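Going letter by letter, the sequence shown gives residues 3 to 194 in our numbering. Even for Gly, the Cβ is constructed at its ideal location relative to N, Cα and C. This structure is a prediction, so every number in the text was calculated from the model and none was measured.
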Amino acid sequence: MNHLFISAAGIFVAVMFLKEPACRHHSGVGHSFPLAAGNEWIYRDSVVENGLLISVSFDTLRIEQVSAFEGTTSYVFNDGKEMTLSGDTLFQLVTQRGGYKYATPFFIPSETETSYNYAFGGDVMIQRSVKQFANCPAVEWQVTKCYLVSDGCRGGMIVGAGVGIIREVMTECRSPKENYTSKTLVAMNLKN
Numbered sequence: 003m004n005h006l007f008i009s010a011a012g013i014f015v016a017v018m019f020l021k022e023p024a025c026r027h028h029s030g031v032g033h034s035f036p037l038a039a040g041n042e043w044i045y046r047d048s049v050v051e052n053g054l055l056i057s058v059s060f061d062t063l064r065i066e067q068v069s070a071f072e073g074t075t076s077y078v079f080n081d082g083k084e085m086t087l088s089g090d091t092l093f094q095l096v097t098q099r100g101g102y103k104y105a106t107p108f109f110i111p112s113e114t115e116t117s118y119n120y121a122f123g124g125d126v127m128i129q130r131s132v133k134q135f136a137n138c139p140a141v142e143w144q145v146t147k148c149y150l151v152s153d154g155c156r157g158g159m160i161v162g163a164g165v166g167i168i169r170e171v172m173t174e175c176r177s178p179k180e181n182y183t184s185k186t187l188v189a190m191n192l193k194n
C-alpha cells in the first residue's frame, strides 16, 4: 500500500511540473543535458563481477528523433528512452504496466543536496539524491558545474553541465557490492 501511495504521489508531482506554464522553458542550450536530434555520446562500459574486470566494450547513446509529449518537446534515444525538459529538470517518460505514459524526474540540478523519487520499470520507484560536486572529473570538455547523483542501490552518476552523463555506475540492489557496470564518457558529438 505504501509503495502504491509513493507511485501515485510521484506521478501527480511529475504531471504538475509539466502542466505549470512557468516551467515550460525547453531550450537545451546551457542545460546539463544538451538535447538535439543527432547528438551522441560514446561510453566505455566496464563490467565488474566479484571484484574482477570481466569485459570492456563501447556503446553509443544517440538522440534518434524529436517527438512531443503533452505539448512539450521530447527526445527519443537509440536505447528506447525518451526525455523531456521542464525548466532545468530533465524528465524521463516511462510507461506503467497499464500502458499509461508519464514523466518522472531523471535529473534535478541542485547546489545543495536534494532528494527526489525516480520511477523506472514503469511504476517502481527509487529515491535519488543530487548535489553539486565540488571537483569535476578531469575531462577534455569544458565543464563548469558537475553534479553527483546517487541512489540507494550503490549506483549513481556524475553529470556535467553542457555535457550530460560523464560517468555512471549501475548495480542491481540485490547484487553483491563487487558486481557493477561502469560507463565512462570517452567522446561526444553535439549537433547543436
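Are the Cβ atoms of residue 110 and residue 118 separated by less than 8 Å? yes
What are the start and end residues of each continuous beta strand (DSSP E) run of 3 or more residues lying completely inside the segment 142-179, in chain order? 148-153, 158-162 and 166-172
Beta-carbon proximity list for residue 90, same chain, < 6 Å, skipping 5 on both sides: 111
Below 8 Å between beta carbons: does that hold for residue 143 and residue 165? yes
When we look at the beta-carbon of residue 80 and count the other beta-carbons within 10 Å, is it buried (16 or more) or exposed? exposed
Between the Cα of residue 197 and the Cα atoms of 149, 63 and 191, which residue gives the shortest distance? For the chain, the structure presents residues 3 to 194; residue 197 sits outside this window and is missing.
Residue 53 versus residue 157: straight-line alpha-carbon distance, rounded: 15 Å
8 Å Cβ cutoff met for residue 167 and residue 135: no
Given residue 64, which residues of its chain have a CB within under 6 Å of its CB, disregarding the five upstream and five downstream residues? 42 and 80
DSSP three-state label for residue 102, please. coil
By how many angstroms is the C-alpha of residue 50 removed from the C-alpha of residue 83? 24 Å
Suppose contacts are defined by Cβ-Cβ distances below 8 Å. Is residue 74 in contact with residue 68 by that definition? no
Where residue 112 sits in the DSSP three-state scheme: coil
Beta-carbon within less than 7 Å of residue 61's beta-carbon, same chain only, minus the 5 sequence neighbours each way: which residues are those? 45 and 47
Secondary structure at residue 38, three-state DSSP: helix, strand or coil? coil
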